Amino acid sequence: MKHKLLGVLGLLFLLSINAAFAVSPVSDLKKVGSGQMEWLFFSLYDASLYSETGTYQSDRFPIALQIKYHKQIDKKHLLEATQEQWQHLGIDNKQQNDWLMLLNQIWPDVNSGDELTFVVQADASNMFYFNNKPIGKVQDGEFSTAFLAIWLSEHTSRPELRQQLIGAL
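Quick note on the working numbering: the sequence shown kicks off at 38 and runs consecutively.
Spelled out as structure tokens, the structure:
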């Protein structure tokens, strides 16, 4: 019994060390720009965009979008907000529904202080990270561009945030 307890304590210790030294998924990239998303009088999150060169070029990868939340938001509301933005951008409804089903399996609820990072590699593969830990990817060639378009499209519903992210403000 004593050996099992020591084994469990040792495992917990190793897991805590691993969490303390988690490498940021943007550590090899340079910040392009950042901004804050507000709704009414509330700050919802800070967003930062990263690229290999520190400059933004449309559809040029690798690129990462990192969001640090200031409020608790459940997964349902994250999915609804994503769908609203895709509708605003004119993304096909069937495609939206397919992607939202996948995101429902990947995304967690978020709390104040949590970070959700979306990284698109040079080969256009992608990965979502939650507090620097990989949580899932969407294996669809069009997804990465459509997801980033929520913030980076010239037709985004938040043009000032876009300008801040791409380093134009």
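Glycine is no exception: its CB is placed at the ideal position from the N, C-alpha and C atoms.
Since we're looking at a predicted model, the values are computed, not measured.
- Contact annotation: V63 and S85 have beta-carbon atoms nearer than 9 angstroms.
- Around the beta carbon of F184, 16 or more other beta carbons sit within 10 angstroms, so the residue counts as buried.
- Sequence-distant Cβ neighbours of V156 in its own chain, meaning closer than 6 angstroms and more than five residues away, are P62, A101 and M164.
- Note on geometry: alpha-carbon atoms of G72 and N134 lie some 28 angstroms from one another.
- Taking one beta carbon from each stretch, the stretch 97-115 and the stretch 141-149 have 3 or more pairs nearer than 8 angstroms; the two touch.
- In the structure shown, the three-state DSSP call for E197 is helix.
- Beta-bridge analysis with DSSP links V156 to A101 and M164.
- With a threshold of 16 other beta carbon atoms within 10 Å, T154 meets it and is buried.
- In this structure, I187 sits away from V69, with a CB-CB distance that is not shorter than 9 angstroms.
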